[in-house]
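Chains as they are written, first to last, in the UniProt record's numbering: chain P, 1 to 110; chain V, 1 to 357.
Below: one structure, written as C-alpha cells.
Structure below.
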C-alpha cells in the first residue's frame, strides 16, 4: 500500500502501484464525494472510496484500486481533470442561462 | 425496454424496472428506495456508463426560474447528487466574504456587555466585494489596506432638551438612544478612499438594532473586517441559506374518480392535482408535480395509496439560493463553481510537483 501525503510528497513503499490511499489535507465531503463519483465513472477502477479519519482533523483518506496494472495516480489525475471540465461546463451553462433570463426579463418590461 | 403508451391512454407511461432504479428515487410508505447512484460502469449490462463529457454536455441544462437581487431559484438537470451537493456545501461554507473580526472597544458604558456587542457586530453582513481583498497573512496583527476594512461606531445618548414635560416616549425624551447598523461608518485606510471611492462600504442593511442607550451612555468602537470563509465562522457565510430539492414525480396508476378524486387532491399541496369533469364524472389529473412538498400524505389512506406512485427524479435539482446582500445570488453560484475548480487545480498541481521529485 502506498500512502501519498499531499503536503509532504510521496512516501514510497514499493509493491503494488495500483492500490493507493491518498491523504488529502484540508478537504472534506465537498471534494471527497464529487471526486469519488468522477473516479468511479472510469473503466479501469475496481474500487474507489473516501473516508474522514476523524471529524476533528480536516483530512480525508481517498483510496483507489485499479485493475489491469494501471498506476492509481492515473484515474486520480483523470478524475480531477474531468471534475474541472464539468465545473467549467456548468459555469458556462449557468452564465448563459442567467443572461438569457435577464434579457427575457428586459423584453417583458419593455 | 421502454413501454410508452399513447397520450390518450388513461394509465401513465410505465418505465421499465431498470430505468426506474437508475433514474428515480421511490418514496414508499415506510422507506425510500433507490437512493444511491448506481450507474457506474459494469453495474448494468448493456449500458455504457463510463464518463463521457459529450454525453454529459448534451443532457445537462440549467433553467433559471426566478431571480431578483437577493434570491435565485434555478433548475440543474442532468448532474449527479455528489456534484450538486458539492456546490451547495461550497455556497454555505467556502465562498469568502468580509466580516468584522477584531472589535477594539475604547468606551462601552451601555448595558450590552462588550463580548455580546462584539458578537453582534461580527454577524452583521458588510457590503464589500471580497474578490477585491486578500486574506490576512498569518501572524499579521495590524492588517494592511489590501486585507482590512476599518469601521467606526461612535455614538452618545443625550437627553432631548426639546421634549415635552410629561412625555414618557423614549423616542421623544432621548437623542441617539437606539444604535443601528447605519451608525457604523467606514474609515478608509491607505489608498482605500481612492480605490473604493464609489463603492459605499458599510453594512448591507442599515436598520439592524445593535444596542439601546440612555443619557450618559456611549459607545466608542473601532472594528476591523477581514476576509474569511463560512467554514471558519458562520458570520462569513454569504448566503442566508442555499438548498436544493429533487423534482417530485407523481404518477397515477389507476383512474381516480368522484369523491376519491377530491380526497386525492387534498392529499397533495395545492396546485398539484386538479379535478376535471369528463362527461359527468370528476376525474383526478396530475397538473404540476413540481409544486408538491412530498409529504406522502396519500400513503396514509388505504384506498388511495395504491393509486399513486410517488417518486423523485434523481438528476433534477431545484436550487434555491438566498443571498445576505453582500454579493448577488448569481455571482455567488459562479464563485462557488470556481472554488470547486480551484480545489481540483490545486491537487493537480500537487500531483505534478510530487511526480517531478
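Quick reminder that beta carbons are idealized off the backbone N, C-alpha and C, glycines included.
Contact with chain V is found for residue 37 (chain P), since one of that chain's Cβ atoms lies less than 8 Å from the residue's Cβ. Within 7 Å of the CB of residue 110 (chain P), no CB atom of chain V is found; the nearest one sits about 18 Å away.
Taking C-beta atoms as the reference points, residue 332 (chain V) and residue 321 (chain V) count as a pair closer than 8 Å.
Between residue 337 (chain V) and residue 91 (chain P), the C-beta spacing is below 8 Å. Positions of the alpha helix (DSSP H) runs, each at least 4 residues long and wholly inside the stretch 106 to 153 of chain V, are given as 114 to 123 in order along the chain.
With its beta carbon less than 8 Å from one in chain P, residue 344 (chain V) belongs to the interface.
Bridge pairing for residue 244 (chain V): V:319 [DSSP].
For residue 228 (chain V), the enclosing beta strand (DSSP E) stretches over residues 218 to 228.
DSSP places residue 264 (chain V) in the helix class (H, G or I) of the three-state scheme. Shortest Cα-Cα distance from residue 138 (chain V) to any of V:79, V:78, V:199 and V:227 involves V:227. Using a Cβ distance threshold of 8 Å, residue 273 (chain V) and residue 260 (chain V) do not count as a contacting pair. For the set P:100, P:107, P:81 and P:94, the Cα lying nearest the Cα of residue 349 (chain V) is the one of P:81. Taking 8 Å as the cut-off, the beta carbon of residue 76 (chain V) is found no closer than this to the beta carbon of residue 82 (chain V). A buried status is given to residue 184 (chain V), since no fewer than 16 other beta-carbon atoms sit within 10 Å of its beta-carbon. Of the other Cβ atoms in all chains shown, 16 or more fall within 10 Å of the Cβ of residue 108 (chain V); this residue is therefore buried. Taking the Cβ atoms as the reference, residue 220 (chain V) lies roughly 4 Å from residue 106 (chain V), within the contact range of under 8 Å. The CB of residue 57 (chain V) comes closer than 7 Å to the CB of 89 in chain P, given here in chain order. Residue 175 (chain V) is not a Cβ neighbour of residue 225 (chain V), given a cutoff of 8 Å. For residue 334 (chain V), the chain P residues whose Cβ falls inside 9 Å of its Cβ are 91, 94, 95 and 98, in order along the chain. In the three-state DSSP reduction, residue 274 (chain V) falls in the strand class (E or B).
With respect to chain P, the C-beta atom of residue 15 (chain V) has no partner C-beta closer than 8 Å. Annotation for residue 295 (chain V): no alpha helix (DSSP H) segment contains it, and DSSP assigns it neither H nor E. Within 7 Å of the CB of residue 85 (chain P), the CB atoms of chain V belong to 53, in sequence order along the chain.
Nothing from the stretch 111 to 139 of chain V brings a Cβ to less than 8 Å from some Cβ of chain P. Remark: C-beta atoms of residue 27 (chain V) and residue 312 (chain V) approach each other more closely than 8 Å. At a cut-off of 8 Å, the C-beta of residue 351 (chain V) has a neighbouring C-beta in chain P. Distance check between residue 232 (chain V) and each of V:118, V:283, V:92 and V:73 places V:92 closest, using alpha-carbon atoms only.
Contact of residue 64 (chain V) with chain P is assigned, a C-beta pair being separated by under 8 Å. Residue state for residue 49 (chain P) is assigned as strand, using DSSP reduced to three classes.
Counting of Cβ neighbours within 10 angstroms places residue 101 (chain V) among the buried residues, the total reaching 16 or more.
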